[in-house]
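Here is the structure we will look at, set down as structure tokens.
Number of protein chains: 2
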Amino acid sequence: MYLNKSLQEYLGDLASDRPTPGGGSTAALSGAMGAALTCMVARLTLGKADYAQVQPEIESIIERAEWLRTRFQQLIQADIEAYGQLSACFKLPRATSEEKTARTKAIQERLVEAALVPLEMAERAAELIWCCQRVAEIGNKNVLSDIGVAATLALAAGSGASWMVKTNIQILKDQARANELNARLQTALETISAGRQQVIDKIGERS
Amino acid sequence: MYLNKSLQEYLGDLASDRPTPGGGSTAALSGAMGAALTCMVARLTLGKADYAQVQPEIESIIERAEWLRTRFQQLIQADIEAYGQLSACFKLPRATSEEKTARTKAIQERLVEAALVPLEMAERAAELIWCCQRVAEIGNKNVLSDIGVAATLALAAGSGASWMVKTNIQILKDQARANELNARLQTALETISAGRQQVIDKIGERS
Chain A
1 MYLNKSLQEY LGDLASDRPT PGGGSTAALS GAMGAALTCM VARLTLGKAD
51 YAQVQPEIES IIERAEWLRT RFQQLIQADI EAYGQLSACF KLPRATSEEK
101 TARTKAIQER LVEAALVPLE MAERAAELIW CCQRVAEIGN KNVLSDIGVA
151 ATLALAAGSG ASWMVKTNIQ ILKDQARANE LNARLQTALE TISAGRQQVI
201 DKIGERS
Chain B
1 MYLNKSLQEY LGDLASDRPT PGGGSTAALS GAMGAALTCM VARLTLGKAD
51 YAQVQPEIES IIERAEWLRT RFQQLIQADI EAYGQLSACF KLPRATSEEK
101 TARTKAIQER LVEAALVPLE MAERAAELIW CCQRVAEIGN KNVLSDIGVA
151 ATLALAAGSG ASWMVKTNIQ ILKDQARANE LNARLQTALE TISAGRQQVI
201 DKIGERS
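So the protein lines, in turn, are chains A and B. So in the numbering used here, spot 182 of the first sequence is number 182, and the numbers just go up one at a time. So in the numbering used here, spot 166 of the second sequence is number 166, and the numbers just go up one at a time.
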């Protein structure tokens with residue numbers, strides 16, 4: 001589990017020429033950092049007299065953002081595992097035509113899995129940006145710049161993950177499945193982009 | 001040193017209501033991940049026959065990107081320290097006019113330091129995007145999506161850091177200094193934005 005390793009060790013392994021960890025894990029970690037910062041700003045709004053009216057909503061946002069943080073943390077590992085399994089399929093023997101068929105089938109199956117993990121990151125980042133929007137609207141005015149950073153990280157999670165989704169569906173033979181995954185990706189990216197702009201606008205208004 | 005702590009512990013502390021770590025450290029970690037991914041793609045180009053002609057340049061890019069990774073890793077801690085010291089100044093006593101004057105002077109001095117650390121992140125991210133551009137142009141075609149993610153992370157580092165620079169220079173009384181820091185920030189952000197677009201275009205051409 002990378003979550004239990006040090007930042008130094010993770011970054012060192014990322015920089016190495018080993019297939020994992022790679023870009024997908026960085027997108028998940030960006031999402032986890034964005035969710036964590038959203039929790040921080042929400043917690044700095046808790047118990048403050050000026051924000052008495054929004055306490056119940058802030059509490060539910062913390063619950064939601066903590067759930068997203070946990071999920072992004074799991075996705076760091078899920079991406080490493082899905083990509084590792086795909087990598088292993090590319091190394092299967094292809095001397096005979098039976099081997100070639102088996103290898104192609106294994107790769108095609110694993111490609112979908114390797115695309116679904118970063119796709120979930122983009123969809124979770126779209127959920128996260130909604131939390132950022134509400135915190136930008138009702139959260140502690142003194143730490144709004146941190147919610148701006150959180151929205152930047154949600155965008156990085158979605159945008160980073162989109163590279164990994166695309167690279168996998170590019171070689172997927174099931175075109176209907178590829179189109180479906182791509183449509184889901186585009187919906188998530190549009191939600192994130194529009195939501196981030198709303199966060200920026202709201203911070204501008206309240207500063 | 002946060003670098004020696006686990007991802008889990010870092011993310012947990014980030015989500016807490018303690019003043020550090022905060023948004024600045026996440027921008028530095030984004031930069032460190034972007035530099036690490038750039039190293040990975042460059043290393044996967046080393047020793048490959050198809051890329052024989054670019055080996056010397058790839059080696060120098062690895063050296064540069066590893067230097068940037070180390071610097072971003074140091075900036076994670078530098079940001080935590082600079083922000084911690086600024087936070088401490090805000091808690092200084094202000095009962096007498098002497099105390100008030102001393103507190104204001106201490107805050108104003110620390111504000112510059114707290115702005116310079118994220119400003120350096122944005123400027124290093126501008127250097128990183130240059131490495132990403134060259135790797136997108138000459139690197140291993142099979143792992144170009146990872147250099148796309150690296151460029152996304154460089155943007156997140158610059159964009160995230162810009163929130164922290166702005167929040168500090170907003171209350172800086174030395175207007176000339178504030179303008180100088182803001183001009184440096186804008187230059188870095190423009191370089192990153194233009195460079196990232198070039199990375200995207202180059203990946204599109206070579207895919």
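Every residue gets a Cβ at the ideal spot worked out from N, C-alpha and C, and that includes glycine. Only a predicted model underlies this, so the values are computations on that prediction, with no experimental measurement involved.
Within 9 Å, strictly: CB atoms of residue i and residue j
{"i": "A/A114", "j": "A/Q74", "result": "no"}
{"i": "A/S87", "j": "B/M164", "result": "no"}
{"i": "B/L37", "j": "A/A15", "result": "yes"}
{"i": "A/V143", "j": "A/V54", "result": "no"}
{"i": "A/R43", "j": "B/D17", "result": "yes"}
{"i": "A/I129", "j": "A/T191", "result": "yes"}
{"i": "A/N182", "j": "A/T45", "result": "no"}
{"i": "A/G31", "j": "A/A188", "result": "no"}
{"i": "B/C89", "j": "B/I62", "result": "no"}
{"i": "A/R69", "j": "A/A106", "result": "no"}
Any C-beta of chain B under 9 Å from that of residue i
{"i": "A/M40", "result": "yes"}
{"i": "A/T191", "result": "no"}
{"i": "A/R110", "result": "no"}
{"i": "A/R43", "result": "yes"}
{"i": "A/D212", "result": "Any property of residue 212 of chain A remains undetermined from this structure, which presents chain A solely from 1 to 207."}
{"i": "A/T152", "result": "yes"}
{"i": "A/D146", "result": "yes"}
{"i": "A/N182", "result": "no"}
{"i": "A/Q8", "result": "yes"}
{"i": "A/A178", "result": "no"}
{"i": "A/T187", "result": "no"}
{"i": "A/L113", "result": "For the sequence presented, residue 113 of chain A should be read as Glu rather than Leu. Closer than 9 Å: no."}
{"i": "A/A27", "result": "yes"}
{"i": "A/S87", "result": "no"}
{"i": "A/K5", "result": "yes"}
{"i": "A/S207", "result": "yes"}
{"i": "A/V135", "result": "no"}
Buried versus exposed call for residue i [16 or more other C-beta atoms within 10 Å across all chains shown]
{"i": "B/P118", "result": "buried"}
{"i": "A/E120", "result": "buried"}
{"i": "B/F72", "result": "buried"}
{"i": "A/R206", "result": "exposed"}
{"i": "A/Q133", "result": "buried"}
{"i": "B/M33", "result": "buried"}
{"i": "B/G158", "result": "buried"}
{"i": "B/S97", "result": "exposed"}
{"i": "B/K202", "result": "buried"}
{"i": "B/G160", "result": "buried"}
{"i": "A/A49", "result": "exposed"}
{"i": "A/A95", "result": "exposed"}
{"i": "B/A52", "result": "exposed"}
{"i": "A/A82", "result": "buried"}
{"i": "A/A176", "result": "exposed"}
Residue i at chain A interface by Cβ criterion, 9 Å
{"i": "B/M121", "result": "no"}
{"i": "B/W163", "result": "yes"}
{"i": "B/I76", "result": "yes"}
{"i": "B/A36", "result": "yes"}
{"i": "B/K166", "result": "yes"}
{"i": "B/K141", "result": "no"}
{"i": "B/T104", "result": "no"}
{"i": "B/Y51", "result": "no"}
{"i": "B/G195", "result": "no"}
{"i": "B/L11", "result": "yes"}
{"i": "B/L155", "result": "yes"}
{"i": "B/Q175", "result": "no"}
{"i": "B/A65", "result": "yes"}
{"i": "B/L208", "result": "The question about residue 208 of chain B has no answer here: the residues shown for chain B are numbered 1 through 207."}
{"i": "B/R69", "result": "yes"}
{"i": "B/L14", "result": "yes"}
Per-residue contacts from residue i into chain D (C-beta, under 8 Å)
{"i": "A/G31", "result": "Going by chain labels, chain D is absent from the structure shown, which instead holds the protein chains A and B."}
Residue i beta carbon near the ligand ADP (any heavy atom closer than 8 Å)
{"i": "A/A114", "result": "The model depicted lacks the ligand ADP and carries no ligand whatsoever."}
Are the stretch 73-88 of chain B and the stretch 26-33 of chain A touching by the rule of at least three beta carbon pairs closer than 8 Å? With a cut-off of 8 Å, the stretch 26-33 of chain A and the stretch 73-88 of chain B do not count as touching, because too few Cβ pairs lie within range.
At a cut of 8 Å, does the stretch 3-12 of chain B reach the stretch 124-141 of chain B through at least three beta carbon pairs? Contact between the stretch 3-12 of chain B and the stretch 124-141 of chain B is absent, because fewer than three Cβ pairs lie under 8 Å.
In chain order, what are the residue ranges of uninterrupted alpha helix (DSSP H) at least 4 long that sit wholly in the stretch 117-174 of chain A? Secondary structure within the stretch 117-174 of chain A: the alpha helix (DSSP H) runs of 4 or more consecutive residues, fully enclosed, are 144-169 (chain order).
Is the stretch 140-149 of chain B touching the stretch 13-24 of chain A in the sense that three or more CB pairs, one from each, lie closer than 8 Å? In short, these stretches touch, since the Cβ pair count reaches three.
Would you be able to state if there are at least three C-beta pairs under 8 Å between the stretch 91-111 of chain B and the stretch 166-177 of chain B? Contact between the stretch 166-177 of chain B and the stretch 91-111 of chain B is established, with three or more Cβ pairs separated by less than 8 Å.
Could you say if the stretch 193-207 of chain A and the stretch 56-66 of chain B meet the contact criterion of at least three C-beta pairs nearer than 8 Å? Touching, no, given that fewer than three Cβ pairs across the two stretches are closer than 8 Å.
Segments of 4+ residues assigned as alpha helix (DSSP H) that fall wholly inside the stretch 11-90 of chain B: 23-43, 55-90, all fully within the stretch 11-90 of chain B.
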